[in-house]
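Visitor:
Residue numbers (full-length UniProt numbering), protein chains in the order written: chain X, 1 to 347; chain P, 1 to 347.
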């Protein structure tokens, strides 16, 4: 029997700061073991999602149960939300030919353990929407944006929301959903091109380049009356500015703090005291927290909005597994423009 | 007609750091104008409450509506929750002889404007509880502790709570109420004497001196399994340690951040990212936010607990108006041991 050789991105070393291609994440060759046990299967992988939170899976373990995702293991292929096609199966739930979304490796083929759940994408071959959306607008970033804005943010028409990293996977959805709900939407991003995208394509009411001048001044100019909700993706200067500009009873939805992921340096916050004086509410969550009801509503709403072009979803697709480590690094340097995804193969 | 001369503590200068007696707060003589208009009255003041939040009323205005209390005006007497006796009145709601609690000046006599509300303390002359409790356990610090612990903290028996500034006005009540609700209570305070008070008098389960060693290590040792609720009075190192030790779905009740009141220096937080990974909820409030129902329940519960000695309430009474500025400064140096109050006169 001929062994299939395939490429995989292996985690080789814990990074101190940025995760570097060839040092921390290394493309290696592996051999596929096709002898399946009961309920095991093999996927041919199509799309792999690059999400900022993955950097946290490369931090040294503190030995707490409190880590919400297991750390990556040195010497193993990294995994995340992916789309794949079942090409061999001893699991009757996932027959050969099924297109699935779930946790798969950043590799050409994954041998999926017997106890792992996947979700079959119904009508995957006929869909008018890109398959990659299942790890984007229709996947984890989608439910993150939709669930947290509605459940935690409690947005009301006429309110003002500020979204940081607003052209990113989650930010672009939050802003567009907030617009649909009648909010005034302000976004920030890291280049003039991204700012133009926010204003022209996503129809934000105001937007600014966070790399030009002070965020506090830009935010004040964009929201002279203050903001009601801050959608937090970055931390640091943006959070401190938002704390200053939030109105009484303002809410901060904490989706991520990308500025802290590659650095252990503390950020000097001046305005946390405003939590008291303005009676602010700050809440973190992860995408698994939302109810089945919210999940169903999300899937119906967002897929119909995308099909009817009521909202748009910008992706930044890196083609080829061998380019994945560079694209992963780029995520923390703000190089991606839209949802970052690696295309490994066509269906 | 002979004019009455009286002493008042006047706000003379905006402090950069600590509010200094004789420089920012100055004891001066004033003359009482006894010609009352319709609905005005005069109180002879008995007790004045010294609360950490008052320092915020000495900050330069940022010009926002967002400041939750009006700033003190240069040249005017400072005011706060006080107990006084009505000695002259053209307001039928508050007859001469009534003992009242409300916003009065830090002075011997206050001329109360026609539109100001006060609350009459029924049975004040017969009460078994000290009158000063009406600006302490039965007043703003009391509802602060009771309302926020119950409404925001959502405490459950068997959970663990950490209270900073635990021998202070709010902290000592929070800890004792939490004990009554079946929580494990950990407190920190700034001297060994205060720590002993927490353990022996208030029956906390664990307590430590935050000035000895690292707060994070002390807290970990006191709560090896982690904490469910952090009751925040101080900010800075204690908050960063709590963020590290909180369990998933932990809550932070933000009552104050006294370490930030006298300094504009930012504090370098390392652990805010835990808001996401642990799905924390952080909420600020002020004492006016609680419902009438919570207010009534608070008054009934806390007064009966105090009368039945189920809980204790430690006060730090400074006698004499002329000593008030020094006691006010001491509040930010951790010199008070218990609820700080100035006794101006006997009933």
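Ideal Cβ placement from N, Cα and C applies to all residues, glycine included. The model shown is predicted, which means the values in this text are computed figures rather than measured ones.
DSSP three-state label for residue 170 (chain X), please.
Guide: helix
Visitor: Determine, for residue 56 (chain X), whether the minimum Cβ-Cβ distance to residues of chain P falls below 8 Å.
Guide: yes
Visitor: Give me the chain X residues within the contact set of residue 281 (chain P), using Cβ-Cβ distance strictly less than 7 Å, ordered along the chain.
Guide: 283
Visitor: Please work out which residues of its chain come closer than 8 Å, Cβ to Cβ, to residue 22 (chain P), disregarding the five sequence neighbours upstream and downstream, and give them in chain order.
Guide: 325.
Visitor: DSSP on residue 245 (chain X), reduced to helix/strand/coil?
Guide: helix
Visitor: Which term fits residue 126 (chain X), buried or exposed, when burial requires 16 or more other beta carbons within 10 angstroms of its beta carbon?
Guide: exposed
Visitor: Output the distance between the C-alpha atoms of residue 307 (chain P) and residue 24 (chain P), rounded to the nearest integer angstrom.
Guide: 39 Å
Visitor: Answer yes or no: do residue 48 (chain P) and residue 342 (chain P) have a C-beta to C-beta separation smaller than 8 Å?
Guide: Yes, the pair counts as a contact, with Cβ atoms nearer than the cut-off.
Visitor: Going by the DSSP bridge assignment, what does residue 79 (chain P) pair with across the sheet?
Guide: P:105
Visitor: Just to confirm before moving on: does the CB-CB distance between residue 226 (chain P) and residue 246 (chain P) stay below 8 Å?
Guide: Cβ distance < 8 Å, so residue 226 (chain P) and residue 246 (chain P) count as in contact.
Visitor: Applying a beta-carbon distance threshold of less than 7 Å, which residues of chain X neighbour residue 266 (chain P)?
Guide: 268, 269, 270
Visitor: Can you check which of these residues, P:271, P:248, P:40, is closest to residue 237 (chain P) by C-alpha distance?
Guide: P:271
Visitor: Of all the CB atoms in chain X, is at least one closer than 8 Å to the CB of residue 299 (chain P)?
Guide: no
Visitor: Taking Cβ positions only, does residue 278 (chain X) come closer than 8 Å to chain P?
Guide: yes
Visitor: Could you tell me the boundaries of the beta strand (DSSP E) in which residue 209 (chain X) lies?
Guide: Segment 206-209, the beta strand (DSSP E) holding residue 209 (chain X).
Visitor: Would you kindly work out how many angstroms separate the C-alpha atoms of residue 208 (chain P) and residue 231 (chain P), rounded to a whole number?
Guide: Cα to Cα, the separation comes out at about 15 Å.
Visitor: Around the C-beta of residue 310 (chain P), are 16 or more other C-beta atoms found within 10 angstroms, so that it is buried, or is it exposed?
Guide: exposed
Visitor: Say whether the stretch 292-300 of chain X touches the stretch 70-84 of chain X, bearing in mind that this needs 3 or more beta-carbon pairs closer than 8 Å, one atom from each stretch.
Guide: no
Visitor: For residue 45 (chain P), report the span of its beta strand (DSSP E) as first-last.
Guide: 41-49
Visitor: Check residue 240 (chain X) in the structure and name its three-state DSSP category.
Guide: helix
Visitor: Where does residue 66 (chain P) fall in DSSP's three states?
Guide: With a pLDDT of 43 at residue 66 (chain P), under the threshold of 50, the modelled position of this residue cannot be trusted, and the question is left open.
Visitor: Starting from residue 312 (chain P), trace the beta strand (DSSP E) in both directions and tell me its first and last residue.
Guide: Note, residue 312 (chain P): premise wrong, no beta strand (DSSP E); not H, not E.
Visitor: Let's test the definition: count the other Cβ atoms within 10 Å of the Cβ of residue 265 (chain X) and tell me whether it reaches 16, buried, or not, exposed.
Guide: exposed
Visitor: Can you pull the DSSP bridge partners for residue 89 (chain X)?
Guide: DSSP output for residue 89 (chain X) lists X:41 as bridge partner(s).
Visitor: With residue 120 (chain P) and residue 98 (chain P) assumed to form a contact (beta carbons below 8 Å), what rounded beta-carbon distance in angstroms separates them?
Guide: Cβ atoms of residue 120 (chain P) and residue 98 (chain P) come within 8 Å of each other, at about 5 Å.
Visitor: Does any C-beta atom of chain P lie closer than 8 Å to the C-beta of residue 163 (chain X)?
Guide: no
Visitor: At the 8 Å Cβ level, is residue 174 (chain P) part of the contact set with chain X, yes or no?
Guide: no
Visitor: In the stretch 206-235 of chain P, which residues sit with their C-beta less than 8 Å from some C-beta in chain X, listed in chain order?
Guide: 226, 235
Visitor: Would you mind telling me which residues of chain B sit closer than 9 Å to residue 316 (chain P), beta carbon to beta carbon, in chain order?
Guide: Absent from the structure is chain B; the protein chains it does hold are X and P.
Visitor: Taking 8 Å as the cut-off, decide whether the C-beta atoms of residue 9 (chain X) and residue 106 (chain X) are in contact.
Guide: yes
Visitor: Within its chain, find whatever has a CB closer than 6 Å to the CB of residue 281 (chain X); leave out the 5 residues flanking it on each side and keep chain order.
Guide: 251
Visitor: What residues match up with residue 29 (chain X) in a beta bridge as DSSP calls it?
Guide: X:7
Visitor: Closest to residue 218 (chain X) by CA distance: which of X:189, X:201, X:344, X:202 is it?
Guide: X:189
Visitor: Output the distance between the C-alpha atoms of residue 275 (chain X) and residue 53 (chain P), rounded to the nearest integer angstrom.
Guide: Straight-line Cα distance between these residues: approximately 13 Å.
Visitor: Since residue 27 (chain P) and residue 7 (chain P) should fall inside the 8 Å C-beta cutoff, what is the C-beta to C-beta distance between them, to a whole number of angstroms?
Guide: 6 Å
Visitor: Rank X:248, X:199, X:70 by C-alpha distance to the C-alpha of residue 191 (chain X) and give the top, closest one.
Guide: Looking at the Cα atoms, X:199 is the closest of the given residues.
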